[in-house]
Structure formats: structure tokens, C-alpha cells
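Asks: The numbers in this note's numbering rise by one with no breaks, and the one at position 46 of the sequence shown is 46.
C-beta: ideal position from N, C-alpha, C; glycine also.
If you're wondering where the values come from, they're calculated on a predicted model, not measured in any experiment.
Attaching a single structure in C-alpha cells format; questions to follow.
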Amino acid sequence: MDSSSNEVIRDCPPFFKVYKDGRVERYFVTQPVPAGLDPTTGVQTKDVVISPAVKARIFMPQSTTPGQKLPLLVHYHGGGFSIGSAFDTFTYKVAAPLVKQANIVLVSIDYRLAPEHPLPIAHDDSWVGLQWVASHANGQGPEPWLNDNADPSRVFLAGESAG
Numbered sequence: 001m002d003s004s005s006n007e008v009i010r011d012c013p014p015f016f017k018v019y020k021d022g023r024v025e026r027y028f029v030t031q032p033v034p035a036g037l038d039p040t041t042g043v044q045t046k047d048v049v050i051s052p053a054v055k056a057r058i059f060m061p062q063s064t065t066p067g068q069k070l071p072l073l074v075h076y077h078g079g080g081f082s083i084g085s086a087f088d089t090f091t092y093k094v095a096a097p098l099v100k101q102a103n104i105v106l107v108s109i110d111y112r113l114a115p116e117h118p119l120p121i122a123h124d125d126s127w128v129g130l131q132w133v134a135s136h137a138n139g140q141g142p143e144p145w146l147n148d149n150a151d152p153s154r155v156f157l158a159g160e161s162a163g
């Protein structure tokens, strides 16, 4: 490997460094958690594709009364717009217990990260995610979990750090 390819052209601790050859190395690498049933909380998760560039994870409490609509929390993960994911362990450890304790539906939007996708791309992706959630307001959106279980009159936004 050419030694110049290991030359760091941008170092942004604690987030990432960019090498001359275009590689990006993140200081904090997140571990994904597969979607499914969490045996500890009873929370069920499902991954959805909102657009070719934007994805999300839906968190649903264990048992809902048929026909009962729950408050909906739209969540944006933290990480300075450059680390983190809607699918990582940090988001999971925050979202699953919250969904169980508050008896809510939660949608965590996974926006594209800088520096590969500079701002305002993360903002644009976040907006696309919120518009997708809003498309369920009449109960006819593309995602049955939201149509059947989320109350469109009780939607809240939350996040940490960049979120």
C-alpha cells in the first residue's frame, strides 16, 4: 500500500478521520442489533425502507389492546451527524426500555452520516423520515404497524446530541 494513502487529511476526534485515499475511519464503531423480539422487554422491532437512502427501525410494545392507538415517538439518534445508527446497540438500549415503560410506538430514523454525506443530507433524510411518518396520519400509510397502532394526534420528536 502506498504510504501516502495512510496520510490523514482530516482528523475530527472523537468522531472520525479521513485519509488521503478517501477512506473514513470512525473512532466509535457501532454494533448493529438485529430486528426481532427482545426477550428482556418484550418489545418487537421491525426495519423499514422509507426511501432508497433512508431507513428506520420501528419499536412496538409487547401487547397492545386491539384497536388501541398508542402515542408515537419519532427518534433521531445522536452522534454528531457522523456516528451512530437507528440499528445500533446504543439506540436499542435507549428505545426498547422506553417503549416498554411508556407504552408507545417508536420510529428511529437512520439518516446518512458525514463526512461521506455532508450536511444538510442528514437534515434532509430526517425530514424525509418525518414526512413518511406523517403519511400514516389517515391510517392509509405504507406501514401497517403505524396504521394499526400509532395515534397520529399524539406524535412527539426526540433525540440525543445531533438527534
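Can you name, in chain order, every residue of its own chain whose Cβ lies under 8 Å from the Cβ of aspartate 151, other than the five neighbours on each side?
Replies: Cβ within range, chain order: Lys69, Leu70, Pro71, Leu72.
Asks: Checking contacts by CB at 8 Å: is asparagine 147 closer than that to chain B?
Replies: No chain B appears in this structure, which consists of one protein chain only.
Asks: With C-beta atoms as the reference, is alanine 114 less than 8 Å away from serine 161?
Replies: Their beta carbons are not under 8 Å apart, which means alanine 114 does not touch serine 161 by this criterion.
Asks: Could you check where the beta strand (DSSP E) with histidine 75 kicks off and where it finishes?
Replies: Here the beta strand (DSSP E) through histidine 75 covers 70-76.
Asks: Shortest alpha-carbon distance to glutamate 25 belongs to which of Pro34, Gly36, Ile9, Gln140?
Replies: Of Pro34, Gly36, Ile9, Gln140, the residue nearest in Cα terms is Ile9.
Asks: Quick one: residues in its chain with C-beta nearer than 8 Å to the C-beta of aspartate 86, no 5 flanking neighbours on either side, listed in chain order?
Replies: Here residue 86 is alanine; the residue named in the question, aspartate, does not match the sequence. For alanine 86, where only same-chain residues beyond five positions count, the Cβ hits under 8 Å are Lys55, Ala56, Arg57, His75, His77, Ser108, Ile109, Asp110.
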